[in-house]
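**Q**
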Amino acid sequence: MSDFQMYHALGADQLQDPNKSQQAYGGSQSRPPIAPGPAGYQQTGGFPTAAQSNPLQQGAYGTSSPPGYQHDDSQYSQQQPLGQQDSMAGLTAQMGGMAVGGHDTIKHKKRDRHAYHDIQSATGSSQAFNGMPQAGMGAPSDFLNQQQSQPGSQFPVPVGPTYQGSQFAGPVDNTPKGTQVTSSQGRVDPEQIPSIPRSRDGPAQFYLDHVFPTMENQIPPPAAIPFVAFDQGNSSPKFARLTMTHLPSSSESLHSVGLPLGLILQPLAPLQEGEREVPVLDFGEAGPPRCRRCRAYINPFMPFRSGGNKFICNMCTFPNDVAPEYFSPTDPSGVRVDRLQRPELTLGTVEYKVPKEYWTREPVPLRWLFLIDVTEESVNKGFLDGFCDGIMNALYGGTKEENDEQQNGRGQAKIPPGSKVGIVTYDKQMHFYNLNPSLDQAQMMVMPDLEDPFVPLSEGLFVDPEESQVVISSLLNQLPKMFAPDIHTGLKNPEPALLPALLAAHSALASTGGKIICSLGALPTWGPGRLFLRDDTKVTAGTDGEKKLLTTEHAGFTKLATKLVESGVGIDFFLAAPSGGYLDIATIGYVSSKTGGETYYYPNFHAPRDTLRLSKEINHTVTRETGYQALMKVRCSNGLQVSAYHGNFYHHTFGADLEFGVIDADKAIGVTFSYDGKLDPKLDAHFQSALLYTTPSGERRVRCHNLVASVAETGGEAMKYVDQDAVVAIMAKEAASRIPDRSVKDVRSFITEKTVDILAGYRKNFSASHPTGQLVIPENLKEFSMYMLSLIKSRAFKGGREPTDRRIHDIRLLKAMGCLELSLYLYPRIISIHNLNELDGFANENGHLRMPSTIRATFGKIEEGGAYIVDNGQMCLLWLHSAVSPNLLEDLFGPSNASLKALDPFTSQLPVLDTHLNAQVRNILQYLSESRGSKAMTLQIARQGLDGAEYEFARLLFEDRNNEAQSYVDWLVHLHRHIQMEVYRSSSNFGMFPFTNVFVVGRSKKEGRWGRRSGKYARRP
Ligand SMILES: [Zn+2]
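Per this note's numbering, residue 1330 is the first one in the sequence shown, and the count goes up by one each step.
1) So which residues touch the region around ligand 1, with touch meaning a C-beta under 5 Å from any heavy atom?
2) Could you tell me if glutamine 2175 is buried or exposed, where buried requires 16 or more neighbouring beta carbons within 10 angstroms of its beta carbon?
3) Is the region 2229 to 2237 touching the region 1937 to 1949, taking contact as three or more C-beta pairs under 8 Å?
4) Quick one: residues in its chain with C-beta nearer than 7 Å to the C-beta of arginine 2284, no 5 flanking neighbours on either side, listed in chain order?
5) Per the DSSP calculation, lysine 2144 is bridged to which residue(s)?
6) Of the choices Ala2248, Phe1656, Leu1831, whose alpha-carbon is the least far from that of glycine 1858?
7) In chain order, which alpha helix (DSSP H) runs of at least 4 residues are fully inside the region 1745 to 1827?
8) Under a three-way DSSP split, which group does serine 2018 fall into?
9) Name the two residues that bound the continuous beta strand (DSSP E) containing serine 2182.
10) Cα separation between glutamine 1807 and asparagine 1765?
11) Given a cut-off of 7 Å on the beta-carbon distance, is the pair glycine 1968 and serine 1585 in contact?
12) Is it buried or exposed, glutamine 1404, if we count other Cβ atoms within 10 angstroms and call 16 or more buried?
13) I'd like the ranges of any alpha helix (DSSP H) spanning at least 4 consecutive residues and lying wholly in the region 2073 to 2145.
14) Taking all protein chains shown into account, decide if asparagine 2109 is buried (16 or more other Cβ within 10 angstroms of its Cβ) or exposed.
15) For the beta strand (DSSP E) that cysteine 1965 lies in, which residues bound it at each end?
16) Could you round the C-beta distance between leucine 2165 and proline 2181 to whole angstroms and report it? I think they count as a contact, below 8 Å.
17) From the DSSP output, which residues share a beta bridge with phenylalanine 1861?
18) Which whole-angstrom value describes the C-beta separation of glutamate 1614 and proline 1532, a residue pair presumed to lie in contact below a C-beta threshold of 8 Å?
19) I believe arginine 2272 touches leucine 2209 by the beta-carbon criterion, under 8 Å. Please report the beta-carbon distance rounded to the nearest angstrom.
20) Can you tell me whether DSSP reads tryptophan 2300 as helix, strand or coil?
21) If the criterion is Cβ atoms closer than 7 Å, does the pair tryptophan 1697 and valine 1750 meet it?
22) Does the Cβ of glutamine 1409 have 16 or more other Cβ atoms within 10 Å, making it buried, or fewer, making it exposed?
23) With 16 as the cutoff for other CB atoms within 10 Å, does phenylalanine 1783 come out buried or exposed?
24) Extract the residue ranges of the beta strand (DSSP E) inside the region 1909 to 1960, only unbroken runs of 3 or more that lie entirely within it.
25) Who are the near neighbours of alanine 2212 in its chain, counting only those whose CB is closer than 7 Å to its CB and skipping five residues on each side?
26) Which whole-angstrom value is the C-beta distance of alanine 1553 and proline 1566, which I expect to be below 8 Å?
27) If we require 3 or more residues per run, which beta strand (DSSP E) segments fall completely within the region 1987 to 2032?
28) Does the pairing of the region 2020 to 2040 with the region 1610 to 1630 give three or more beta-carbon distances under 8 Å?
29) Using the beta-carbon count (16 or more within 10 Å), is serine 1662 buried or exposed?
30) Quick one: what does DSSP say aspartate 2220 is sitting in, helix, strand or coil?
31) Quick check for students: name the residue ranges of the alpha helix (DSSP H) that lie wholly in the region 2234 to 2283, counting only runs of 4 or more.
32) Flag this pair as yes or no: are the beta carbons of threonine 1924 and valine 1963 separated by less than 7 Å?
33) Near leucine 2239, which residues of its chain fall below 8 Å by C-beta distance, leaving aside the five closest residues on each side in sequence?
34) Alpha carbon to alpha carbon, what distance is there between alanine 2058 and leucine 2008?
35) How would you label glutamate 1604, buried or exposed, when you count the other beta carbons within 10 angstroms and need 16 or more for buried?
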């Protein structure tokens, strides 16, 4: 921080040694040490690098690697052989045209996340984009402060000219795969453009043995990788990420940067092993100390004055009196003497138990209501069976059958103690169940009144799942049979009456709040609030007709959403379209999105394949951290104000608190800020989010996240501290919020224009000394363009036809996702498993799983005979090339599976075998399953030329030309051209016009269509 000294004065320095503070709080002993000095990076030394171990990797299954492939992957290993560096230097020398980084005034210092890419100034010149000679590479930014640049920093010192793995340029001659740029004068080597896999793999290695300290001026690790954060007063990036940790001082300065000033908040984000749990503090009846004027909660950045009698609010600067019971004297430096015993004065994230004045009613433990569709389609396609199985697994672990066998013994319920469970089924009627533990079996009560449904029983609807395990297990086991068509002879109910069932569920929970988990297996066409098949294949993308399909005007469902939020109730839907049919997710999912819930969608539900996923996802939804009846408020310091919120919540009026019926660990919101004055670079800017909610065990609490950001003197300074994941997430949420007011096509233009804005702003304002023909990309936004291309290609926004159910589902998903899930959604992790190193997939000497490198999402990286795991956090494909080795298949799936045709296409997990490969891959999948978002990890087989899932595989290769949009290389060329136009437009010197003829043609042709300044998305300061 620019005035880090100030926090030293506050005592923040005492927190810089995590081990020290660990003692102070008796924190977890398992936390690895922070930046452990010179030996810190030696851990990989015990193992051969990918390059060195090629012999091991090669051809276990007789596959041939194209020359250069392994070589490429090893480029970013730390133990780079010198010879390789030389060859890379040669390559670098030929690069031209594009350059990454490049803030001219930045001093060459050690860096953090990119430090394993050694830095080199390119010295040669070449003919990439328009033949302009390349100047020096942008020197790296110094985003580590003194702590990290001490001697003995963890990175090996680069010696001599070395390769920067992330450099962005295009050698001309040795690029057989290089895509030709519109200008015939240059080519871009796809190998050299910024690589998302590379941007993840290196840091992932690094953070295995390093903690991320939150107050040391480092840019947070990439969201997609696991890391342990150490809270030093600033909240962990898992909870809160700012787009810039050094803010521009004014709105003009922000404008020059082109970036949104935003904050991504994931208030209940899961923590990982080694991270300290959020402390829960109890200030009794008085409640947590707060600013009298702006109501901000006490936090580490509020200084105490007058010997400890006053605290100054860091949001509004109001001097508050310290209540007598909270008084503590200060030491001569002004720090409270009890500071280290006070988590609220030392940690960025704390939770307060709050007294009655924060209640809207007596909080009770969470009530879960399972609302189960028992209509024909649901029963016949195995969805009901799978759903009941999933509930059983979520409540008790194990399947129905297993639980039936041990009916007499009570199992351990998995949901938090105190929570209660109820079950209601519905078709054309509703069926309530008395689950009282004293009964032999559940009693069903039918509610046929759809117009005015009420809850027909007052006792036994919600029960303790442990006490009633026998009754519940038996009911869940019976349900699929009870509603099987042969029993209901002649009384098949194909049509679910969803809205009346939801209204009844609401009345069951209206007095307490709670969470509804609702299954639906067909379009609800019965009773009040019935929906129609309104998806019209004739509706073309981008028209008003499509906009209508992406929203709902159904008064019944919109009113229901409002009522649910008011009562503190939220819904997670499990929607299956067994025959691929239309469900009107725009209308149904509206209710879950407004109430803070989630929609799990199984577009072509197929029982054998999808039951495992269904079961895991029900389990996840029940066991993840959940709160209900929640309100959220975001505060920021003077000079800034909230300008917009993006996410799934209910918002009465702007300025009011955000309301959530329920909120869970996977949900994130985006907040953007604007300036209402100029920020003083001598002071810091502060942000605080406060989430008031009821825990599943029935405690009313406030979870507080605090962030501090320096104020940069210049926009260029701010650009050095950009958090790419936060920028990507703000962009994605903002884009998603534009639907349905804007068409999908408009949103794609918005994304493109915003991307050009950001890069052009940087080009104009901060890298003017680079030759005008170069595409210069800010160091910390290297992969940003690729993420934006993926966003354009995502189901949410892609061109061409896309079923509206899938589109709107993904749009809402984007609004709800946290940074980790979004990063994976926009760029999958692809791991080749046919050439794993022998040691991959097993623990290294420090007990960390050794993960193979991931590869770029392009078919160019797919090898003949290869086998790949492709995981985008939503689904995980196992793609098998048609010429895959029979040995590999046998090792993976067992002896009877030596050919692709022999494989069961509906398998959803690997068998447990005692082959090396099988163990490796299962371990890798386990690792992937532990760092993802809301969706469960199951395998889907995609055999080349055999399975429909191959289409998904092709779709996820985002670097290729697909999803109605160009390839990554062409996209960069496209961006470059428009950036040049931008830069040219703003330059007054026509004589300096830098473009080749090709570009001039491009400009005049495109200008009208582009129309940036006058267009809809012209920037409004
Ligand atoms: Zn205040």
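Ideal Cβ placement from N, Cα and C applies to all residues, glycine included.
**A** Considering the structure as presented:
1) Sorted by position in the chain, Cys1620, Arg1622, Cys1623, Ala1625, Cys1642, Met1644, Cys1645, Phe1647 make up the residues whose C-beta lies under 5 Å from a heavy atom of ligand 1.
2) Numbered from 1 along the sequence shown, position 846 holds the residue referred to as residue 2175. According to the sequence shown, residue 2175 is asparagine rather than glutamine. Flag for asparagine 2175 reads exposed.
3) The answer is yes - the region 1937 to 1949 touches the region 2229 to 2237, with three or more Cβ pairs under 8 Å.
4) Locating residue 2284 in the sequence shown gives position 955, where the first residue counts as 1. Hits under 7 Å: Asn2291, Asn2292.
5) The sequence position of residue 2144 within the sequence shown is 815, counting from 1. Residue pairing by DSSP leaves lysine 2144 without any beta bridge partner.
6) If you number the sequence shown from 1, residue 1858 lands on position 529. Selected option, being the one with the closest Cα: Leu1831.
7) For the region 1745 to 1827, whole alpha helix (DSSP H) runs of length 4 or above, ordered along the chain, are 1798 to 1811.
8) As a position in the sequence shown, residue 2018 is number 689, starting the count at 1. Serine 2018 falls in the strand class under three-state DSSP.
9) Counted from its first residue, the sequence shown places residue 2182 at position 853. Segment: none, serine 2182 is in no beta strand (DSSP E) and carries neither H nor E.
10) For the purposes of this step, residue 1807 is identified with residue 478 of the sequence shown, where counting begins at 1. For the purposes of this step, residue 1765 is identified with residue 436 of the sequence shown, where counting begins at 1. Separation of glutamine 1807 and asparagine 1765 (C-alpha to C-alpha, rounded to the nearest whole angstrom) is 17 Å.
11) Counting from 1 along the sequence shown, the entry for residue 1968 is found at position 639. Counting from 1 along the sequence shown, the entry for residue 1585 is found at position 256. In this structure, serine 1585 does not lie closer than 7 Å to glycine 1968 by Cβ.
12) Taking the sequence shown and counting its residues from 1, one reaches residue 1404 at position 75. Reliability of the predicted coordinates at glutamine 1404 is poor, the pLDDT of 33 falling under 50, and the value obtained from them is presented with this limitation in mind. So glutamine 1404 counts as buried.
13) As summarised for the region 2073 to 2145, the continuous alpha helix (DSSP H) elements at least 4 residues long and confined to that stretch are 2073 to 2095, 2113 to 2122, 2133 to 2145, given in chain order.
14) Your numbering for residue 2109 matches position 780 in the sequence shown. Asparagine 2109 counts as buried, since no fewer than 16 other beta carbons sit within 10 angstroms of its beta carbon.
15) For the purposes of this step, residue 1965 is identified with residue 636 of the sequence shown, where counting begins at 1. From DSSP, the beta strand (DSSP E) with cysteine 1965 extends over 1955 to 1965.
16) Start at 1 with the first residue of the sequence shown, and residue 2165 comes out as number 836. Start at 1 with the first residue of the sequence shown, and residue 2181 comes out as number 852. Rounded, the Cβ-Cβ distance is 6 Å, consistent with contact.
17) For this step, residue 1861 is matched to residue 532 along the sequence shown. None; phenylalanine 1861 has no bridge partner.
18) Within the sequence shown, the letter at position 285 stands for residue 1614. Within the sequence shown, the letter at position 203 stands for residue 1532. Glutamate 1614 to proline 1532, Cβ: 46 Å. No contact.
19) Position 943 of the sequence shown, counted from the first residue, corresponds to residue 2272. Position 880 of the sequence shown, counted from the first residue, corresponds to residue 2209. Arginine 2272 to leucine 2209, Cβ: 5 Å. Contact.
20) On the sequence shown, position 971 is the one that residue 2300 refers to. In the three-state DSSP reduction, tryptophan 2300 falls in the helix class (H, G or I).
21) In the sequence shown, counting from the first residue as 1, residue 1697 sits at position 368. In the sequence shown, counting from the first residue as 1, residue 1750 sits at position 421. Yes.
22) Reading the sequence shown from its first residue, position 80 is the one you call residue 1409. Summary for glutamine 1409: the model assigns pLDDT 34, below 50, so the residue's position carries little reliability; its value from the coordinates is reported in the next sentence. Per the 10 Å Cβ criterion, buried.
23) As a working mapping, residue 1783 is identified with position 454 in the sequence shown. Per the 10 Å Cβ criterion, exposed.
24) Listed in chain order, the complete beta strand (DSSP E) runs (minimum 3 residues) inside the region 1909 to 1960 are 1927 to 1931.
25) For the purposes of this step, residue 2212 is identified with residue 883 of the sequence shown, where counting begins at 1. The answer, listed in chain order, is Glu2193, Gly2194.
26) Reading the sequence shown from its first residue, position 224 is the one you call residue 1553. Reading the sequence shown from its first residue, position 237 is the one you call residue 1566. In this structure alanine 1553 is not in contact with proline 1566, their Cβ atoms being roughly 12 Å apart against a cut-off of 8 Å.
27) Qualifying beta strand (DSSP E) stretches, in chain order: 1987 to 1993, 1998 to 2004, 2014 to 2023.
28) The region 2020 to 2040 vs the region 1610 to 1630: in contact.
29) Here residue 1662 is taken as the residue at index 333 of the sequence shown, counted from 1. Burial call: exposed.
30) Taking the first residue of the sequence shown as position 1, residue 2220 is located at position 891. Aspartate 2220: helix per DSSP, three-state reduction.
31) If one requires a minimum length of 4 residues, the alpha helix (DSSP H) runs lying completely within the region 2234 to 2283 are 2245 to 2259, in chain order.
32) Residue mapping note: residue 1924 aligns to position 595 of the sequence shown, counting from 1. Residue mapping note: residue 1963 aligns to position 634 of the sequence shown, counting from 1. Contact flag unset, no.
33) Numbered from 1 along the sequence shown, position 910 holds the residue referred to as residue 2239. Taken in chain order, the residues that qualify are Leu2221, Phe2222, Asn2247, Val2250, Arg2251, Leu2254, Leu2268.
34) As a working note, residue 2008 is residue 679 in the sequence shown. As a working note, residue 2058 is residue 729 in the sequence shown. Here the alpha carbons of alanine 2058 and leucine 2008 stand approximately 25 Å from one another.
35) Counting from 1 along the sequence shown, the entry for residue 1604 is found at position 275. Buried: at least 16 other Cβ atoms inside 10 Å.
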